[in-house]
Amino acid sequence: MQAPGKYALAGLILFSISLATGLYAIYYKSPRYRIEYPLKLANSSITLALPTSLSQRIQYNLSGKSTCQAEIRLCFLDEYGIIDSIAVSVARGAFTSSGWKVLARTPLKLAVSTEGTIIGTLTISYSLIDHTRLLAIELAQVASSFLAILLLAIGILRYFEKLVAKSVEKSIRS
Numbered sequence: 093m094q095a096p097g098k099y100a101l102a103g104l105i106l107f108s109i110s111l112a113t114g115l116y117a118i119y120y121k122s123p124r125y126r127i128e129y130p131l132k133l134a135n136s137s138i139t140l141a142l143p144t145s146l147s148q149r150i151q152y153n154l155s156g157k158s159t160c161q162a163e164i165r166l167c168f169l170d171e172y173g174i175i176d177s178i179a180v181s182v183a184r185g186a187f188t189s190s191g192w193k194v195l196a197r198t199p200l201k202l203a204v205s206t207e208g209t210i211i212g213t214l215t216i217s218y219s220l221i222d223h224t225r226l227l228a229i230e231l232a233q234v235a236s237s238f239l240a241i242l243l244l245a246i247g248i249l250r251y252f253e254k255l256v257a258k259s260v261e262k263s264i265r266s
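Those letters in the sequence shown? Residues 93 to 266, per this note's numbering, in order.
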């Protein structure tokens, strides 16, 4: 009979690997890339190209000044048209607006239009995701966690088998 501690130790090591893989997957999906666009618009619009492989979860931050009450519209576009849009109303003076948006599809372009005059900065935070790599990371995490649970369970069962065997051996001697 093998030592139960070896199974438990292997299970704990695999659990640690699974935990580290899960934390890496969270980091990999997080919006850690950033693009800043300076904006100087007066009742006009511009279209900005976005990086390829952009994730569908996007964080935006608008900040700047407006000379009058204005509305800023951010439209995320792909080859089929508008995916989703965000409208931000700002009063005269300094403004800041930020938020998250999860889009239905991966955007290729961003159209920014204004009604009114604004000068400021648009910051888009995003992640670049290779879905094949993400799938491999998540499968590795699931496989290592199942194997860790299995090895821990075997280690615990072997430990109790050893205890029962010692108890039976002790009772036979008596």
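By construction, the Cβ of each residue, glycine as well, lies at the ideal position given by its N, Cα and C atoms.
Which of helix, strand or coil does DSSP assign to Arg250?
helix
My output table needs one value for Glu128: the three-state DSSP class, helix, strand or coil.
strand
What number of angstroms, rounded off, separates the C-alpha of Ile241 from the C-alpha of Ser259?
27 Å
Whole-Å CB distance - Thr198 paired with Gln148, under 8 Å assumed:
6 Å
Chain-order list of residues whose beta-carbon lies under 7 Å from that of Tyr141 (same chain, five-residue window excluded):
As written in the sequence, residue 141 is Ala, which differs from the Tyr given in the question. Within the same chain, Ala141 has close Cβ partners Lys201.
Which of the three DSSP states is assigned to Ile150 in this structure?
strand
Ile178 to Ala162, Cα distance in whole Å?
14 Å
Three Cβ pairs or more, each shorter than 8 Å: is that satisfied between the region 163-172 and the region 221-237?
no
Please return the same chain residues whose Cβ sits closer than 7 Å to the Cβ of Leu195, not counting the five positions on each side in sequence.
Gln148, Ile150, Phe168, Ile175, Asp176
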